[in-house]
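Notes for the one structure printed next.
Number of protein chains: 2
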Amino acid sequence: MVFVPQDAPMAKVEATRNYGANVEMQGARFEDALVAAQGYVEETGATFVHPFEDQAVIAGQGTLGLELADQLPDLETVVVPIGGGGLAAGISLALNAVRPGVRVVGVQAAGCLPGGSGFTIADGIAVKEPGELTMGILEDTLEARVSVSDEEISTAIVLVLERVKLVVEGAGAVGVAALREGRIPGDGPVAIVLSGGNIDATLLISVMRHGLTSASRYLVVRTRVPDRPGELIKLLDLVAQERVNVLSVEHHREGMAISIAETEVELTLGMRDEEHCKSLLEAMRRWGYQVERLR
Amino acid sequence: MVFVPQDAPMAKVEATRNYGANVEMQGARFEDALVAAQGYVEETGATFVHPFEDQAVIAGQGTLGLELADQLPDLETVVVPIGGGGLAAGISLALNAVRPGVRVVGVQAAGCLPGGSGFTIADGIAVKEPGELTMGILEDTLEARVSVSDEEISTAIVLVLERVKLVVEGAGAVGVAALREGRIPGDGPVAIVLSGGNIDATLLISVMRHGLTSASRYLVVRTRVPDRPGELIKLLDLVAQERVNVLSVEHHREGMAISIAETEVELTLGMRDEEHCKSLLEAMRRWGYQVERLR
Numbered sequence: 003m004v005f006v007p008q009d010a011p012m013a014k015v016e017a018t019r020n021y022g023a024n025v026e027m028q029g030a031r032f033e034d035a036l037v038a039a040q041g042y043v044e045e046t047g048a049t050f051v052h053p054f055e056d057q058a059v060i061a062g063q064g065t066l067g068l069e070l071a072d073q074l075p076d077l078e079t080v081v082v083p084i085g086g087g088g089l090a091a092g093i094s095l096a097l098n099a100v101r102p103g104v105r106v107v108g109v110q111a112a113g114c115l116p117g118g119s120g121f122t123i124a125d126g127i128a129v130k131e132p133g134e135l136t137m138g139i140l141e142d143t144l145e146a147r148v149s150v151s152d153e154e155i156s157t158a159i160v161l162v163l164e165r166v167k168l169v170v171e172g173a174g175a176v177g178v179a180a181l182r183e184g185r186i187p188g189d190g191p192v193a194i195v196l197s198g199g200n201i202d203a204t205l206l207i208s209v210m211r212h213g214l215t216s217a218s219r220y221l222v223v224r225t226r227v228p229d230r231p232g233e234l235i236k237l238l239d240l241v242a243q244e245r246v247n248v249l250s251v252e253h254h255r256e257g258m259a260i261s262i263a264e265t266e267v268e269l270t271l272g273m274r275d276e277e278h279c280k281s282l283l284e285a286m287r288r289w290g291y292q293v294e295r296l297r
Numbered sequence: 003m004v005f006v007p008q009d010a011p012m013a014k015v016e017a018t019r020n021y022g023a024n025v026e027m028q029g030a031r032f033e034d035a036l037v038a039a040q041g042y043v044e045e046t047g048a049t050f051v052h053p054f055e056d057q058a059v060i061a062g063q064g065t066l067g068l069e070l071a072d073q074l075p076d077l078e079t080v081v082v083p084i085g086g087g088g089l090a091a092g093i094s095l096a097l098n099a100v101r102p103g104v105r106v107v108g109v110q111a112a113g114c115l116p117g118g119s120g121f122t123i124a125d126g127i128a129v130k131e132p133g134e135l136t137m138g139i140l141e142d143t144l145e146a147r148v149s150v151s152d153e154e155i156s157t158a159i160v161l162v163l164e165r166v167k168l169v170v171e172g173a174g175a176v177g178v179a180a181l182r183e184g185r186i187p188g189d190g191p192v193a194i195v196l197s198g199g200n201i202d203a204t205l206l207i208s209v210m211r212h213g214l215t216s217a218s219r220y221l222v223v224r225t226r227v228p229d230r231p232g233e234l235i236k237l238l239d240l241v242a243q244e245r246v247n248v249l250s251v252e253h254h255r256e257g258m259a260i261s262i263a264e265t266e267v268e269l270t271l272g273m274r275d276e277e278h279c280k281s282l283l284e285a286m287r288r289w290g291y292q293v294e295r296l297r
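Chains V and U are the protein sequences, given in the same order. Per the numbering used here, residue 3 is the first one in the first sequence, and the count goes up by one each step. Per the numbering used here, residue 3 is the first one in the second sequence, and the count goes up by one each step.
Take a look at the structure:
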């Protein structure tokens with residue numbers, strides 16, 4: 003029986019169910035799901051397994067540190083996500099024991115920290131603070147603790163997706179985000195733990211769309227066409243000649259300070275890059291359209 | 003200097019440029035880009051490297067077959083994408099030599115075959131037919147050639163993304179599609195070559211959205227609300243209580259056979275699963291809304 007918050011990603015819930023678990027979705031946050039689990043334990047006498055305040059769980063996650071030590075002889079720094087801190091505690095304990103020279107840096111989602119919004123796309127580490135047990139270990143073993151914003155996490159998700167061809171969830175991308183933003187101290191070879199990959203496809207789509215907009219792969223233009231049959235086709239035809247993919251067409255006739263014989267059209271277009279955007283805007287102006295770039 | 007068709011995925015073009023190549027985007031299809039490359043060779047005296055009709059290219063791709071033989075002692079079947087056939091020819095030649103008992107099955111995109119639409123999302127293998135050299139090898143060495151549709155390819159892309167956490171392009175997913183559809187003969191352990199991962203993020207978003215709709219992760223409902231201030235908020239509030247994420251709201255006031263005092267609203271909603279869809283539709287009816295499920 004596994005307890006998760008009500009808004010846990012369906013990707014994670016389904017994957018857990020596929021491994022044979024009963025999944026209960028209860029409460030808004032991690033802490034609420036924990037209370038629900040404790041209630042269930044009291045009622046039924048089941049054995050409680052805490053997700054991080056548990057020596058056996060920490061030791062199990064520590065095997066990841068042993069594998070890193072074993073497979074990467076040149077390693078100087080390991081970057082690990084911190085939510086409850088179990089994974090980070092296990093890895094840093096293990097590395098401190100077998101490779102004491104390796105720096106372990108923990109990364110938290112800024113949204114969850116004091117002063118944050120309370121929300122983060124890194125739901126896998128959306129815990130108010132590490133536990134007592136894990137925090138005690140982390141204070142002794144970590145080189146540093148740093149944090150990253152949701153914007154930085156989302157850029158990292160898109161980078162890993164496009165260049166490494168791997169799907170990582172927000173919690174899995176925090177290490178890449180911290181490295182990209184220059185927050186990892188020291189130099190030499192770095193290993194980043196990407197844990198895990200349970201991101202909801204709907205969230206992944208939003209993150210990708212955000213990333214594409216920043217990279218000028220979407221263009222939103224507003225223009226006007228005469229409100230007569232055939233005029234929209236004429237515009238779309240010209241756009242197609244520039245090898246531009248039309249993603250949506252919206253007409254606005256209400257609340258606009260334009261002539262009654264015209265209609266405002268907002269086009270969302272799939273572009274190759276900023277150069278392609280500029281050349282299309284130029285072409286549209288050459289064809290006689292007034293254009294306004296919205297994004 | 004690398005020649006690719008005009009509509010080649012920007013992900014592939016950018017990756018190629020990042021490796022230091024000059025990329026020329028010419029012509030609508032693979033065959034046109036080939037002609038442009040040959041023209042460039044005639045003009046400049048450059049050395050022509052054909053992407054598949056070349057023994058050295060085939061031999062190079064054959065090393066993948068040697069690695070498979072080396073790393074997978076239990077292997078009985080290998081599934082390989084076929085476009086021009088270079089990758090498949092190299093792998094099947096190598097495996098025939100070192101592991102003659104292993105079956106090699108080639109998979110083509112149905113859209114490119116005679117009788118197909120001429121278009122496929124598997125642009126990496128969008129070649130009208132394998133070359134003479136590669137076809138000669140494939141006829142001698144392949145166990146079977148099978149084909150898959152774009153719909154099957156797109157389901158495979160989403161499956162690999164969600165369950166294997168890997169980004170593959172259409173050409174990379176054809177083997178998984180063929181296996182899922184039961185088109186791979188024989189039994190025992192199967193290895194599928196996922197080559198490659200250069201899918202444009204915009205196409206990946208469309209493919210994911212398509213997959214999500216099939217899995218009831220999107221719901222589109224049409225309903226009516228009184229055309230008065232506060233009525234839309236009331237509806238959205240009820241929807242939020244069911245823990246449903248609103249992706250878009252569209253108002254239709256034109257061309258509808260509804261009362262002048264009402265407005266039609268179309269909601270696109272992010273759902274957990276089919277059960278969640280049904281329970282929301284029931285709740286909306288209970289609240290007194292007429293609802294029509296569009297998707």
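For every residue, glycine included, the Cβ atom is placed at its ideal position computed from N, Cα and C.
Identity of the residue in the options nearest residue i by Cα
| i | options | result |
| --- | --- | --- |
| residue 80 of chain V | V:86, V:88, V:94, V:72 | V:94 |
| residue 220 of chain V | V:165, V:277, V:190 | V:277 |
| residue 151 of chain U | U:140, U:169, U:120 | U:120 |
| residue 57 of chain V | V:249, V:208, V:89 | V:89 |
| residue 102 of chain V | V:113, V:70, V:122 | V:70 |
| residue 132 of chain V | V:153, V:296, V:187, V:52 | V:52 |
| residue 26 of chain U | U:201, U:17, U:20, U:38 | U:38 |
| residue 190 of chain U | U:62, U:181, U:77, U:23 | U:77 |
| residue 279 of chain U | U:247, U:32, U:157 | U:247 |
| residue 72 of chain U | U:179, U:97, U:290, U:87 | U:97 |
| residue 117 of chain V | V:177, V:24, V:130, V:18 | V:130 |
| residue 82 of chain V | V:229, V:110, V:163 | V:110 |
| residue 296 of chain V | V:107, V:143, V:215 | V:215 |
| residue 272 of chain U | U:19, U:211, U:54 | U:211 |
| residue 300 of chain V | V:29, V:224, V:205, V:32 | The structure shown does not extend to residue 300 of chain V, since chain V is modelled only from 3 to 297, so the question has no answer here. |
| residue 20 of chain U | V:20, V:67, V:164 | V:164 |
| residue 63 of chain U | U:87, U:50, U:160 | U:87 |
| residue 293 of chain V | V:222, V:114, V:147, V:204 | V:222 |
| residue 242 of chain U | U:113, U:285, U:44 | U:285 |
| residue 17 of chain U | V:185, V:112, V:261, V:161 | V:161 |
Beta-bridge partners of residue i, as assigned by DSSP
| i | result |
| --- | --- |
| residue 294 of chain U | U:224 |
| residue 65 of chain V | DSSP, once it has assigned bridges, lists no residue as partnering residue 65 of chain V. |
| residue 271 of chain V | V:221, V:248 |
| residue 105 of chain U | U:79 |
| residue 168 of chain V | U:168 |
| residue 110 of chain U | U:149 |
| residue 347 of chain V | Outside the shown range of chain V (3 to 297) lies residue 347 of chain V, about which nothing can therefore be said. |
| residue 26 of chain U | U:5 |
| residue 193 of chain U | U:80 |
Integer Cβ distance of residue i from residue j, believed to fall under 8 angstroms
| i | j | result |
| --- | --- | --- |
| residue 227 of chain V | residue 265 of chain V | 6 angstroms |
| residue 172 of chain U | residue 196 of chain U | Residue 172 of chain U to residue 196 of chain U, Cβ: 11 angstroms. No contact. |
| residue 244 of chain V | residue 282 of chain V | 5 angstroms |
| residue 60 of chain U | residue 85 of chain U | About 13 angstroms separates the two Cβ atoms, so there is no contact after all. |
| residue 48 of chain U | residue 42 of chain U | 6 angstroms |
| residue 213 of chain U | residue 157 of chain U | 7 angstroms |
| residue 106 of chain U | residue 143 of chain U | 6 angstroms |
Status (buried if at least 16 other CB within 10 Å, exposed otherwise) for residue i
| i | result |
| --- | --- |
| residue 199 of chain V | buried |
| residue 15 of chain U | buried |
| residue 235 of chain U | exposed |
| residue 5 of chain V | buried |
| residue 8 of chain V | exposed |
| residue 40 of chain U | exposed |
| residue 274 of chain U | buried |
| residue 287 of chain U | exposed |
| residue 149 of chain V | buried |
| residue 202 of chain V | buried |
| residue 11 of chain U | buried |
| residue 154 of chain V | buried |
| residue 136 of chain U | buried |
Positions along the stretch 209 to 222 of chain V whose CB lies within less than 9 angstroms of some CB in chain U
Within the stretch 209 to 222 of chain V, contact with chain U at the beta-carbon level (separation under 9 angstroms) is assigned to 210, 211, 213, 214, 217, 219, 220.
Selection of the stretch 197 to 208 of chain V by Cβ proximity to chain U, strictly under 8 angstroms
If the cut-off is 8 angstroms between Cβ atoms, the stretch 197 to 208 of chain V has 199, 203, 204, 206, 207 near chain U.
Which residues of the stretch 156 to 172 of chain V have a Cβ closer than 7 angstroms to any Cβ of chain U? Give them in chain order.
Per Cβ criterion, the list reads 163, 164, 167, 168, 169.
Can you give me, in chain order, the residues of the stretch 10 to 29 of chain U that have a beta carbon less than 7 angstroms from any beta carbon in chain V?
When CB distances to chain V are screened at a threshold of 7 angstroms, the residues of the stretch 10 to 29 of chain U falling below it are 12, 13, in chain order.
Identify each residue in the stretch 262 to 291 of chain U for which the Cβ-Cβ distance to at least one residue of chain V is less than 8 angstroms, and report them in chain order.
Against chain V - using a Cβ distance shorter than 8 angstroms - the residues of the stretch 262 to 291 of chain U are 272, 274, 275.
Just by C-beta distance, which residues in the stretch 222 to 250 of chain V are closer than 9 angstroms to chain U?
Interface annotation for the stretch 222 to 250 of chain V against chain U: 245, 247, 249, criterion Cβ-Cβ distance under 9 angstroms.
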